[in-house]
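Peer 1: Below is a structure I'd like to ask you about.
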Amino acid sequence: MNYYQNIVNKIKADRHYQENLGWGKPRRGHPEGSVRAHIAELECNLKALSDTCTEEEYWKLMMLIHVHDSFKKDSRKGVAITDPSSHASLARRFLASYCTDDGLLQMVQYHDEPYALYRQSRNGAVNERRLATLKSRRWDWSLFLKFLVIDNCTEGKSREPLEWALANLAGGMNAKMRDWMDRCQVTPV
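What follows is the structure in structure tokens.
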């Protein structure tokens, strides 16, 4: 069994993780409601992209899918993603109890940062320092960008924020990224 597959199995068996899966009601950006339903959507997207992944990448993405939003139930709403009580910080702390891969831990911590920067851009000004800090992260960028596609090509989400993120983080949309988006299950809003 793959190292990351083993971690995913341990995460799925974790009592605290399981308790959080039912959290959530339909809301803007998440009409599916619960964390469990969101994970199911993302697993479908990963399946659609599976032939673009190595086995290790597949299980890393599966790990991100299962952890990234699973601690919203326990989080404080409206705090910065670096706040210890944010859903991202709680998810990172949880994942760190199973995995020491710093790149994956950072991806969990900063998975919503591209959307926050997009929202700033819609209000007229992006914090260039914050964008530069995100761009300087030392992680597997192909994996992170693929995760953004998986997480953002879902029912109820406009693709505009994703397209902004890919353009600003990857230096522009390319054919590979467009293919990833086209393979994912949902027609854009």
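Residue 11 is where the sequence shown starts when you use the working numbering, and the numbers rise one by one after that.
Glycine residues also receive a C-beta, built at the ideal position from the N, C-alpha and C atoms.
How many Å lie between Ser44 and Lys83 at the Cα?
Peer 2: Stepping through the sequence shown from its first residue, residue 44 is reached at position 34. Stepping through the sequence shown from its first residue, residue 83 is reached at position 73. When rounded, the distance between both Cα atoms is 10 Å.
Peer 1: My guess is that Met187 and Val159 are in contact by the Cβ rule of under 8 Å, so how many angstroms apart are they, rounded?
Peer 2: What you label residue 187 is simply residue 177 of the sequence shown in a count that begins at 1. What you label residue 159 is simply residue 149 of the sequence shown in a count that begins at 1. Met187 to Val159, Cβ: 7 Å. Contact.
Peer 1: Look up Val199 in the DSSP assignment and say whether it is helix, strand or coil.
Peer 2: Here the question's residue 199 lines up with position 189 in the sequence shown. Since pLDDT at Val199 reaches only 45, below the 50 mark, its modelled position is unreliable, and the value read off the structure follows with that caveat. DSSP places Val199 outside both helix and strand once states are collapsed to three, so it counts as coil.
Peer 1: Whole angstroms are fine: how far does the CA of Gly166 sit from the CA of Asn6?
Peer 2: Residue 6 lies beyond the range of the chain shown here (11 to 199); nothing can be said about it.
Peer 1: Asn19: buried (16+ other C-beta within 10 angstroms of its C-beta) or exposed?
Peer 2: Against the sequence shown, residue 19 aligns to sequence position 9. Flag for Asn19 reads exposed.
Peer 1: Does Arg132 come out as helix, strand or coil in the three-state DSSP assignment?
Peer 2: Taking the first residue of the sequence shown as 1, we reach residue 132 at position 122. Three-state result, Arg132: helix.
Peer 1: Output yes or no for whether 7 Å exceeds the beta carbon distance between Ile91 and Asp112.
Peer 2: Sequence index remark: in the sequence shown, residue 91 carries index 81 (1-based). Sequence index remark: in the sequence shown, residue 112 carries index 102 (1-based). Going by C-beta atoms, Ile91 is not nearer than 7 Å to Asp112.
Peer 1: Mapping DSSP to helix, strand and coil, what is Ala185?
Peer 2: Residue numbering aside, residue 185 sits at position 175 when the sequence shown is read from its first letter. Note: Ala185 maps to helix in three-state DSSP.
Peer 1: So Thr64 is in the alpha helix (DSSP H); what residue range does that whole segment cover?
Peer 2: Sequence index remark: in the sequence shown, residue 64 carries index 54 (1-based). From DSSP, Thr64 is part of no alpha helix (DSSP H); its letter is neither H nor E.
Peer 1: Just to confirm before moving on: does the CB-CB distance between Leu153 and Leu141 stay below 7 Å?
Peer 2: Working through the sequence shown from its first residue, we reach residue 153 at position 143. Working through the sequence shown from its first residue, we reach residue 141 at position 131. The answer is no: Cβ separation not under 7 Å.
Peer 1: I'd like the list of long-range same chain contacts for Arg46, defined as Cβ closer than 8 Å, with 5 residues on each side in sequence excluded.
Peer 2: Walking along the sequence shown from the start, residue 46 turns up at place 36. The residues Leu31, Gly32, in chain order, have a CB closer than 8 Å to that of Arg46 in the same chain once the five nearest residues on each side in sequence are set aside.
Peer 1: May I ask which residues mark the beginning and end of the alpha helix (DSSP H) holding Cys54?
Peer 2: Against the sequence shown, residue 54 aligns to sequence position 44. Where Cys54 is concerned, the enclosing alpha helix (DSSP H) stretches over 45–59.
Peer 1: As a quick exercise: from Arg102, Ser131, Pro94, pick the residue whose alpha carbon is nearest that of Glu170.
Peer 2: To locate residue 170, count along the sequence shown from 1; it is residue 160. Nearest option by C-alpha distance: Ser131.
Peer 1: Could you round the C-beta distance between Leu114 and Leu100 to whole angstroms and report it? I think they count as a contact, below 8 Å.
Peer 2: Walking along the sequence shown from the start, residue 114 turns up at place 104. Walking along the sequence shown from the start, residue 100 turns up at place 90. The Cβ separation is near 15 Å, so there is no contact.
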